[in-house]
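The letter at position 159 of the sequence shown is residue 319 when you use our numbering, and the numbering goes up by one with no holes. Down below is the structure, laid out as structure tokens.
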Amino acid sequence: MKILETQNINVVKIEECLDSPYIKPQRVHYTENGIKKTWDFICAHDSVSILIFDKSLQSTIIVKQMRPALFLKEGIVSTYELCAGIVDKQKSLEEIASEEVFEECGYKIFPHKLVKICSFCSSVGFAASRQHLYYAEVNSAMKLGKGGGVETENIEIVSIPLEQMLSFIYNDQYSKTSGLMFAFLWFLQRDVGE
Numbered sequence: 161m162k163i164l165e166t167q168n169i170n171v172v173k174i175e176e177c178l179d180s181p182y183i184k185p186q187r188v189h190y191t192e193n194g195i196k197k198t199w200d201f202i203c204a205h206d207s208v209s210i211l212i213f214d215k216s217l218q219s220t221i222i223v224k225q226m227r228p229a230l231f232l233k234e235g236i237v238s239t240y241e242l243c244a245g246i247v248d249k250q251k252s253l254e255e256i257a258s259e260e261v262f263e264e265c266g267y268k269i270f271p272h273k274l275v276k277i278c279s280f281c282s283s284v285g286f287a288a289s290r291q292h293l294y295y296a297e298v299n300s301a302m303k304l305g306k307g308g309g310v311e312t313e314n315i316e317i318v319s320i321p322l323e324q325m326l327s328f329i330y331n332d333q334y335s336k337t338s339g340l341m342f343a344f345l346w347f348l349q350r351d352v353g354e
């Protein structure tokens, strides 16, 4: 697997964000054991993420996309992630997850076919949003769309062969999320035949 960065990034301006539909900065004042404290945090949407395994390819299907915060902080253009999306619709978590799989990766899956792995809190120091992690098995016949995201999203679909999953987790050459690493380990530690 090769890292190939072809995107041309040009930062035009950085400004204070006062009215985001995605996050709301807040400050809490509280007492803990009689000591007055304050803490700044962000109210953010919960999310779904999906570990996709293509049985035809014997590979996991993940996405690669540009994350501005990572680029500004570390100069890294993009990161490897599970297919995912925010929970911002009046639909079930499984319906949202199924839509994300089609939009980002092009596979048509039915919500009831998703397997719930678990849910967990992420970014607990400043956001504490909850991520709901699912597993989906697909095959080449279920690849009915192009993927790549919607509107201005620029999502690349990446296939990680089964035999490369473990080395991918520990290879620092690839910028990846902790959710992806956890999901890969979950998959590799399952009992054979599940």
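All residues carry an ideal CB built from backbone N, CA and C; glycine is no exception.
Item	Value
Within 8 Å, strictly: CB atoms of Cys243 and Glu260	yes
As assigned by DSSP and simplified to three states, the class of Gly353	With a pLDDT of only 46 at Gly353, under 50, the local geometry of the prediction cannot be trusted, and the value read off the model is given with reservation. Reduced to three states, the DSSP call for Gly353 is coil.
Contact belief for His205 with Ser338 at Cβ below 8 Å, rounded distance in angstroms	About 18 Å separates the two Cβ atoms, so there is no contact after all.
Beta-carbon contacts of Leu136 that lie in its chain and below 8 Å, excluding the five residues immediately before and after	The first residue shown for the chain is 161 and the last is 354, placing residue 136 beyond what the model contains.
Sufficient close CB pairs (3 or more, under 8 Å) joining the region 228 to 240 to the region 262 to 279	no
Whole-angstrom distance between Met341 and Met161, CA atom to CA atom	Below a pLDDT of 50, predicted positions are generally treated as unreliable, and Met161, at 41, falls in that range; no measurement from the model is reported.
Burial state of Cys203 (16 or more Cβ within 10 Å)	exposed
Minimum Cβ-Cβ distance from Ala204 to chain B less than 8 Å	Of the chains in the structure shown, none is chain B; there is only one protein chain.
Contacts around Ile236, its chain only, beta-carbon distance under 6 Å, and the 5 residues preceding and following it disregarded	Leu230, Ser335
Pair within 8 Å by beta-carbon distance, Leu293 and Ala343	yes
Burial state of Phe270 (16 or more Cβ within 10 Å)	exposed
DSSP state of Ile163 mapped onto helix, strand, coil	Caution applies to Ile163, whose pLDDT of 43 falls short of 50 and renders its modelled position unreliable; the model cannot decide the point.
Start-to-end residues for the beta strand (DSSP E) that takes in Ala204	195 to 204
Spatial distance of Val284 from Thr239 (CA atoms)	21 Å
Residue(s) in a DSSP beta bridge with Thr220	Phe213, Ile320
Residues near Met302 in its chain [Cβ-Cβ closer than 7 Å; skip 5 each side]	Tyr267, Lys268, Ile269
Through-space distance from Ile320 to Ser300, alpha-carbon basis	15 Å
Coarse secondary structure for Leu293, derived from DSSP in three states	strand
Residues near Glu254 in its chain [Cβ-Cβ closer than 6 Å; skip 5 each side]	Pro271, Leu274
8 Å contact criterion, which Gln247 and Ser207 should meet: CB distance rounded	The sequence shown places Val at residue 247, rather than the Gln named in the question. Between Ser207 and Val247 the Cβ distance is about 6 Å, and since that is below 8 Å, they are a contact.
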